[in-house]
Amino acid sequence: MVVSTAICTRCGSALSDPKRVDDGMGIYCRRHQPHRRHIRFDGVKPDGTSVFRIYSLTIGGNSTRYEVAVNFEDGTFTCTCPDFQYRGRECKHIRRACDYETRRRERGI
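The sequence shown begins at 6 in my numbering and counts up by one.
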């Protein structure tokens, strides 16, 4: 019998193999699996802008898609969410995309 020593990168709980989800970016428990799937890297434009689709869950369980574009070379960013459209400054979707891209680059993916 092999005992897993993995822990969820979101909540820190110990994971046995049936409770474990490994997507190459981190190890999660089944409880946090849906959260990690709410970002999709769509590639890099010729000008160096990384493009993401981020799905945000609402209270009713519905999902809203936002388009995020971040240029790490010149520090510009955009998001289609109402928060960014109204305030014109960094929103949680842009921060999530930056965190995702940082981990992706660190792992050489």
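All C-beta atoms, glycine included, are put in the ideal place defined by N, C-alpha and C. Quick caveat, the model's predicted, so the values are computed rather than measured.
Cα-Cα separation, residue i to residue j
i: Y91; j: E111; result: 33 Å
i: V75; j: S61; result: 18 Å
i: M30; j: F89; result: Since pLDDT at M30 reaches only 49, below the 50 mark, its modelled position is unreliable, and the value read off the structure follows with that caveat. Rounded to the nearest angstrom, the two C-alpha atoms are 27 Å apart.
i: S55; j: R45; result: 11 Å
i: S68; j: R58; result: 12 Å
i: R108; j: R101; result: 11 Å
i: D52; j: T83; result: 14 Å
i: G48; j: G80; result: 17 Å
i: H43; j: Y105; result: 11 Å
i: L20; j: I12; result: 5 Å
i: G138; j: C103; result: For the chain, the structure presents residues 6 to 114; residue 138 sits outside this window and is missing.
Residue range of the unbroken beta strand (DSSP E) whose run includes residue i
i: D47; result: 44-49
Coarse secondary structure for residue i, derived from DSSP in three states
i: A11; result: coil
i: E78; result: coil
i: R94; result: coil
Endpoints, the alpha helix (DSSP H) within which residue i is located
i: R109; result: 97-111
Those residues which DSSP pairs with residue i across a bridge
i: C16; result: According to DSSP, C16 bridges with nothing at all.
i: F57; result: F46, V73
i: T83; result: A74
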